[in-house]
Amino acid sequence: MQSILPSQHGCRSCLQPSALRRQSPALVAVPSGNVASTSYTALTATANSNQAASSSAGSDWSKRLLAVANNKRKKAGGNGTAADIFSPAKPSSRTSSSSGFEDDADNLDADESLTSMEPERKRIPAEMRCFDTARIYIKAGDGGNGCVAFHREKYVEHGGPSGGTGGRGGNVWAVVDADLNSLSSFRGQVHFRAEGGVNGQGSNCDGANAEDLLVPVPAGTIIRRKDAEEDEPPLAELLRPGERALLATGGRGGRGNFSFKTARERAPTIAEKGEKGEELWVDLELKVVADVGIIGVPNAGKSTLLSVITAAKPKIANYPFTTLVPNLGVCEMDYRTTVFADVPGLLEGAHEGLGLGHEFLRHVQRCRLLVHVIDGTSPDPVGDFNAINLELELFNPDLVEKPQLIAYNKVDLPDSGDFWEIVREQLTEELGVQAERVFPISAATGQGVMQLVRAVRGVLDEMGPAQVTYETNALNQTSVPARRNIRVDDFTVSLEDLSSSGGFGGYGGSSSDAPSKRIFYVEGEGIERFQQMTNWDYYEAVRRFQRVLEVSGINGALRAKGVRQGDTVVIGDMEFSWSDDKSDAAVYDGWVRDMKDRGVNRQGTARWPRPNVA
Ligand SMILES: Nc1nc2c(ncn2[C@@H]2O[C@H](COP(=O)(O)OP(=O)(O)OP(=O)(O)O)[C@@H](O)[C@H]2O)c(=O)[nH]1
Ligand SMILES: [Mg+2]
126 MQSILPSQHG CRSCLQPSAL RRQSPALVAV PSGNVASTSY TALTATANSN
176 QAASSSAGSD WSKRLLAVAN NKRKKAGGNG TAADIFSPAK PSSRTSSSSG
226 FEDDADNLDA DESLTSMEPE RKRIPAEMRC FDTARIYIKA GDGGNGCVAF
276 HREKYVEHGG PSGGTGGRGG NVWAVVDADL NSLSSFRGQV HFRAEGGVNG
326 QGSNCDGANA EDLLVPVPAG TIIRRKDAEE DEPPLAELLR PGERALLATG
376 GRGGRGNFSF KTARERAPTI AEKGEKGEEL WVDLELKVVA DVGIIGVPNA
426 GKSTLLSVIT AAKPKIANYP FTTLVPNLGV CEMDYRTTVF ADVPGLLEGA
476 HEGLGLGHEF LRHVQRCRLL VHVIDGTSPD PVGDFNAINL ELELFNPDLV
526 EKPQLIAYNK VDLPDSGDFW EIVREQLTEE LGVQAERVFP ISAATGQGVM
576 QLVRAVRGVL DEMGPAQVTY ETNALNQTSV PARRNIRVDD FTVSLEDLSS
626 SGGFGGYGGS SSDAPSKRIF YVEGEGIERF QQMTNWDYYE AVRRFQRVLE
676 VSGINGALRA KGVRQGDTVV IGDMEFSWSD DKSDAAVYDG WVRDMKDRGV
726 NRQGTARWPR PNVA
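Residue numbers (the numbering used here): 126 to 739.
Encoded structure:
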């Protein structure tokens, strides 16, 4: 039997070609952003044809709003770049990070996916980007190592093996925290690592399992693997308070030498290392869960309305785009609870990136009802109304299908109140809006607000109890899966021949002193895990590894590929060199050399379990 030995040139982290190979598909993975931009183009075409039909006054109003907003922001000490926020986003080949903080966090491998993120997100203020998307790193705990120990007791000459098994590493869960309503907490913490299991100890003491790590997220969060394929289901979609889903499973503990005791081998000097816990980067996306969405043009009084019907304290100011981040508020009336979401203002042309764009509309996608606030002081309230509905349709036709209540706001001002009758007539007679769905209100004075909220409740009641509907086919794993039986004989072998390109002698010079330029990669989940859990400090573990290579057919496959003395074989994160010498002595010599290279002293005592071979 031939054998492969740990390479003299160093094992472990010195060279990790197989790790690089595994990552290479990730570099070419196309993030879902591309899909979004495809449909975006299609929608733009529709928009242009429809827009001709919509009111032209709307665009004048939009321009006026932009001018006001820019002036206000400049006066407030803006550095002049604030104006950029309100101009349409220009597609750019290189976008900045999607959530404002992940550049630092993931500068190693995030760049590829960032370049293809939707260009329109680039101009969205950082506050808003951090609110509804985040990218975090999660790492489940590693299993504790198994222990090699032998029972020691007075008058018990040859105590049996008593090394305990390591504890299980902690799992990572995402859990809905009802108090959260944004992902902004992930701005401060990007890395989440669960504890590792405790190592096994002598006297048959197994290591303790580690605590699971809970990552709190707001209701409405969808979690995907960073490099997920297009059709891959998300890891989780969490909607209800307290709902949880498993994101990463902790590694199992390595077995101690007590577990390796058999009738034939009664004093095994072998133990496993703990299994590594899963680690991955995940993308979080938040779609706020609320019963009612408050929409309308900027400065219409949406936040003011939210502040009077709920205890929420959104920022209110007399200029457009005061609200950059959706606000949630809970309205308690007649012992009923209704959650309202106030989103930023929409402009005609939002689908082209004007204003804050219309991406934030996804936060009203889950709402069952919309309250459309019209600014009564606008030069063309009905034009605004039409333009906003068109934007809704362009974003998602389902949004226009949602029942709408219309709040004609600011009737306390003559500019608005005087035109109420005219606007009501236009809405009901020309646009066919039901009269009982239009309300003259003044959010500032509270006039008509009660009637509006009662009507909201009435429509919600008519619609029946709220159904929490999942939008995706997320895995939402609620229990830790039983250990999968991964087969070690399920592997692939590939060869990378560098000898021809480097001008090295190659096959002809089969001298074992010359460094090999042929690298064989053995890839397979089972064998890689086995390699990772093998504790190379023990000779018996090395023997066991050799046996597994033989019986799993890996040695055979390597021979079939033409492996030769001195060739490099990479398994998992270790590099070995192939030796045609199959004797135990050769394996042992190789192990001793490896131990010396690593500066590890040989384990065990001279007397028990057996005298060490010199
Ligand atoms: N007189 C009067 N002013 C109002 C009324 N409602 C809102 N306002 C004022 O209108 C201005 C804009 O109000 P906001 O609530 O910030 O408007 P918004 O729709 O949330 O605006 P954005 O967040 O920028 O889209 C503020 O100065 C409010 O005080 C109202 O009923 N009457
Ligand atoms: Mg607002």
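Glycine residues also receive a C-beta, built at the ideal position from the N, C-alpha and C atoms. These numbers come from a predicted model, not from an experiment.
Rounded straight-line distance, which links the Cα of residue j to that of residue i
| i | j | result |
| --- | --- | --- |
| V676 | G268 | 26 Å |
| R260 | L409 | 6 Å |
| K535 | L495 | 19 Å |
| A568 | L430 | 5 Å |
| V574 | R562 | 13 Å |
| V413 | D467 | 10 Å |
| D236 | L405 | Any reading at D236 must be qualified, since the residue scores a pLDDT of 38, below 50, and its modelled position is unreliable; the value itself is stated next. About 16 Å. |
| N726 | V618 | 33 Å |
| L481 | A512 | 15 Å |
| P522 | G681 | 60 Å |
| N610 | S328 | 29 Å |
| N452 | P590 | 23 Å |
| G724 | T346 | 49 Å |
| T570 | P358 | 48 Å |
| L519 | H476 | 7 Å |
| V712 | A361 | 47 Å |
| E403 | S541 | 60 Å |
| E278 | D698 | 40 Å |
| A685 | Q602 | 42 Å |
| E791 | D416 | Because residue 791 is not part of the residues shown, which for the chain are 126 to 739, the question remains open. |
| G470 | F485 | 10 Å |
| V784 | R318 | With the chain represented from 126 up to 739, any question about residue 784 goes unanswered, as that position is not in the structure. |
| F655 | L623 | 28 Å |
| P504 | S309 | 37 Å |
| N598 | V315 | 26 Å |
| G628 | D705 | Note that G628 has pLDDT 39, beneath the 50 cutoff, so the model's placement of it is unreliable and no number is given. |
| R608 | A265 | 15 Å |
| N514 | A437 | 26 Å |
| D614 | C330 | 33 Å |
Whole-number beta carbon distance between residue j and residue i, since they are thought to touch under 8 Å
| i | j | result |
| --- | --- | --- |
| V584 | M458 | That belief does not hold up - the Cβ atoms of V584 and M458 are roughly 14 Å apart, past 8 Å. |
| D302 | V342 | 7 Å |
| V667 | W716 | 5 Å |
| A396 | V273 | 5 Å |
| D257 | L411 | 4 Å |
| L472 | V507 | With a Cβ gap of about 16 Å, L472 and V507 do not count as contacting. |
| I566 | Y533 | 7 Å |
| G289 | G325 | 3 Å |
| W545 | G474 | With 8 Å as the limit, W545 and G474 do not qualify as a contact, their Cβ atoms being about 27 Å apart. |
| H497 | I441 | The Cβ separation is near 19 Å, so there is no contact. |
| G379 | N270 | 5 Å |
| I644 | V695 | 6 Å |
| S428 | T448 | 5 Å |
| D537 | Q572 | 7 Å |
Contacts around residue i, its chain only, beta-carbon distance under 6 Å, and the 5 residues preceding and following it disregarded
| i | result |
| --- | --- |
| I547 | none |
| G418 | A466, V489, C492 and L495 |
| F311 | A259 and I261 |
| R349 | P359 and D408 |
Bridge partners - residue i, DSSP secondary structure assignment
| i | result |
| --- | --- |
| Q326 | C330 |
| K108 | In the structure as shown, the chain starts at 126 and stops at 739, and residue 108 therefore has no counterpart that could be examined. |
| Y262 | H316 and W406 |
| I652 | I652 pairs with nothing; no bridge assigned. |
| R350 | V407 |
| T659 | E397 |
Own chain residues within Cβ distance below 7 Å of residue i, not counting five before or after
| i | result |
| --- | --- |
| P393 | P286, N382, F385, K386 and E665 |
| N334 | G292, R293 and G322 |
| I82 | For residue 82 there is no data in the structure shown, the boundaries of the chain being 126 and 739. |
| E650 | I611 |
| N296 | A265, A319, D337, L371, A373, T374, G375 and V605 |
Close-in-space but distant-in-sequence residues of the same chain around residue i (CB under 8 Å, 5 per side omitted)
| i | result |
| --- | --- |
| W298 | D337, L338, L339, V340, R369, A370, L371 and L372 |
| C456 | I434, T435, T462, T463, V464, F465 and V578 |
| S604 | L371 |
| A580 | L530, E561, R562 and F564 |
| T659 | E397, K398, A666, V667, R669 and F670 |
| R365 | V301, A344 and V593 |
Q. At what residue ranges does the segment 498 to 539 contain a whole run of the alpha helix (DSSP H), taking only runs of 4 or more?
A. The DSSP assignment places complete alpha helix (DSSP H) segments of no fewer than 4 residues inside the segment 498 to 539 at 506 to 520 and 522 to 526, in order along the chain.
Q. Hey, which unbroken runs of the alpha helix (DSSP H) at 4 residues or more fall wholly within the segment 399 to 468?
A. With a minimum length of 4 residues, the continuous alpha helix (DSSP H) runs that stay inside the segment 399 to 468 are 427 to 434.
Q: Starting from the N-terminal side, write out each stretch of the beta strand (DSSP E) that is 3 residues or longer and does not extend beyond the segment 540 to 589.
A: 563 to 565, all fully within the segment 540 to 589.
(Q) Ignoring anything shorter than 3 residues, give me the beta strand (DSSP E) runs that lie fully in the segment 661 to 730, in order along the chain. (A) Qualifying beta strand (DSSP E) stretches, in chain order: 693 to 696 and 699 to 704.
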